[in-house]
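K.L.:
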Amino acid sequence: MESLERILVEHPFLKDLSPEHVHLIVGCARNIVFEPNKFLFKENEEAHEFYILRSGKVALEIYTPEYGPITIQTIGEGEVLGWSWLIPPYEWNFDGRATELTRAIALDGKCLRGKCEDDHVLGYELMKRLASVFEQRLYAMRLQLLDVYSGTTPKIKK
Amino acid sequence: MNHSIMDPMIPHPYKIQRVIKETHDTFTLELKSIEKNGTFSFAPGQFNMLYIAGIGEVPISISGNPTKNGSLIHTTRAVGTVTKEMAKLKRSDVIGIRGPFGTNWPVKEAEGNDVLLVAGGIGLAPLRPVIYHILSKREYFGKIILLYGTRTPQDILFRKELEKLKSRLDIDIYVTVDRATRAWNGNVGVVTRLIPRAPFDPINTIAMICGPEIMMRYTITEISRRGIASENIYVSVERNMKCGIGLCGHCLYGTEFICKDGPVFRYDQIQNIFGKREF
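If you're matching them up, the sequences are chains A and B in order.
Under the numbering used here, think of the first position of the first sequence as 389, with each following residue one higher.
Under the numbering used here, think of the first position of the second sequence as 90, with each following residue one higher.
(1) By alpha-carbon positions, which one of B/Thr310, B/Thr165, B/Asn329 ends up nearest to A/Tyr527?
(2) Would you say B/Thr281 and B/Tyr307 are within 8 Å of each other, going by their C-beta atoms?
(3) Please identify, using Cβ separations under 7 Å, the residues of the region 515-529 of chain A that lie next to chain B, in order along the chain.
(4) For a test of the three-state rule: what should DSSP assign to A/Pro415, helix, strand or coil?
(5) At what residues does the alpha helix (DSSP H) containing B/Gln243 begin and finish?
(6) Anything in the region 295-309 of chain B with a Cβ closer than 7 Å to a Cβ of chain A? List those residues in chain order, please.
(7) Pick out whichever of B/Glu345, B/Asp261, B/Thr344, B/Gly143 has its Cα sitting closest to the Cα of B/Leu236.
(8) Using only CA atoms, which one of B/Asn158, B/Ala208, B/Arg268, B/Pro97 lies nearest to A/Thr459?
(9) Measuring only the C-alpha atoms, how far is A/Phe429 from A/Val410?
(10) Thinking just about the alpha-carbon of each residue, which of A/Lys445, A/Glu523, A/Tyr439 is nearest to the one in B/Arg286?
(11) Figure out for me which residue from B/Arg107, B/Ile292, B/Gly275 has the closest Cα to the Cα of A/Cys487.
(12) Does the beta-carbon distance from B/Ile298 to B/Val207 come in below 8 Å?
(13) Given that a residue counts as buried once 16 or more other Cβ atoms are within 10 Å of its Cβ, and exposed if not, what is B/Met98?
(14) If you scan the region 233-293 of chain B from start to end, which runs of the beta strand (DSSP E) of 3 or more residues do you find wholly inside it?
(15) By a C-beta neighbour count over all protein chains shown, 10 Å radius and 16 as the cutoff for buried, is A/Asp506 buried or exposed?
(16) B/Thr156: which of B/Ser122, B/Ile322, B/Asn202, B/Phe129 sits nearest, CA to CA?
(17) Which residues share a DSSP beta bridge with A/Gln461?
(18) Output the distance between the C-alpha atoms of B/Pro215 and B/Pro195, rounded to the nearest integer angstrom.
(19) Would you grab the beta carbon distance between B/Phe136 and B/Pro148 for me? Rounded to a whole angstrom, and I think it's under 8 Å.
(20) In the region 409-432 of chain A, which residues sit with their C-beta less than 7 Å from some C-beta in chain B, listed in chain order?
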């Protein structure tokens, strides 16, 4: 537990969080390793965890009947993966597959939700940090949608 | 002597020695002067005007090795009337060249610093001479990091060359694509997402960025967030160009001419107009 606490304290996602709150979060955390091609989660499954990736890479995939699984984004070392644990109905929207050996800290969503309900200051702190992750991912996804490298202007009818 | 000094408006004949199909819509032309004593030297970031008789002329960055004299190399995408015709050219065909024109990447100023190169799509081509230059004088530079984003794994430019470079231990290369199937095991996402993890020292880094303007804008936001000062950021700006020597006014950009005062600009010098719709 002590080493988990040290890892979490040093992670940018939890930077400057009070020691008491880090301690509460550590109570919901566990160390986890995913072999290459192992799924962390699958679409429509219950989202009971989220992950702080320590090394490796995870592909977020959507299955399409025409092309099979399409990778929409990869999440790598140092990044936070998953917010479905926070938003009802607490189900994953994509598949998450480790593309290489991936080490992570898994945080139990149900456990954290309970602690956030009991301690709204902790809840607000976590929500602010997750909002920043949402914002960065949304912004990156908007750029991706622009298809800026295609060399053609999207056809929009006036 | 460079042609631009003799008469910048007269195209000089160059024979195509080789055409390399890079991706489905990009290609490289290796050219050699057919004039007596026709040598060509340039600085990384400069461009030439390429002319096809009866079709037209287009500005294209030089993508070859500036430390080697001999053949002249251009890489471009078949996207407009002239470049689509250019894509049909074959070995031994002749085209006209005027140049080199424009400003260059700050390779001298970058000595003693880490160098961050951020390229998007075909924007890797104008940065390739920088890589050649730096590797020819590797000991003068700190860390070298190339972040490259493109559309799909099939659109990766100079793929074999990048793979070879990646095997060197003195350059960090990160590639990401906007979309991919499982056959691609690399990064998926926009190039800006690579910036937080890139191993450079922000206060001693010179950044050179080339790609679609919107990609450059967001890249500047991210690298500024990491602490690179705007006077250490350089961008290559693209506009329609005609004369190449700042006379016709086609490429006027605020108070600057892209062809003469650019295409490479230090960001703080154009910061007030960069990304603004009016310009």
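Ideal Cβ positions, reconstructed from N, Cα and C, are used throughout, including at glycine.
P.N.:
Once the coordinates are examined:
(1) B/Thr310
(2) yes
(3) Ala528
(4) Note that residue 415 of chain A is Gly in the sequence shown here, rather than Pro. Of the three classes helix, strand and coil, the one that applies to A/Gly415 here is coil, per DSSP.
(5) First-last for B/Gln243: undefined, no H or E at that position.
(6) Pro301, Ile303, Met304, Tyr307
(7) B/Asp261
(8) B/Arg268
(9) 25 Å
(10) A/Lys445
(11) Reading off the sequence shown, one finds Thr at residue 487 of chain A, where the question assumed Cys. Checked all of B/Arg107, B/Ile292, B/Gly275; the closest Cα to A/Thr487 is B/Gly275.
(12) yes
(13) exposed
(14) 233-239, 261-266
(15) exposed
(16) B/Phe129
(17) A/Leu448
(18) 13 Å
(19) 5 Å
(20) none
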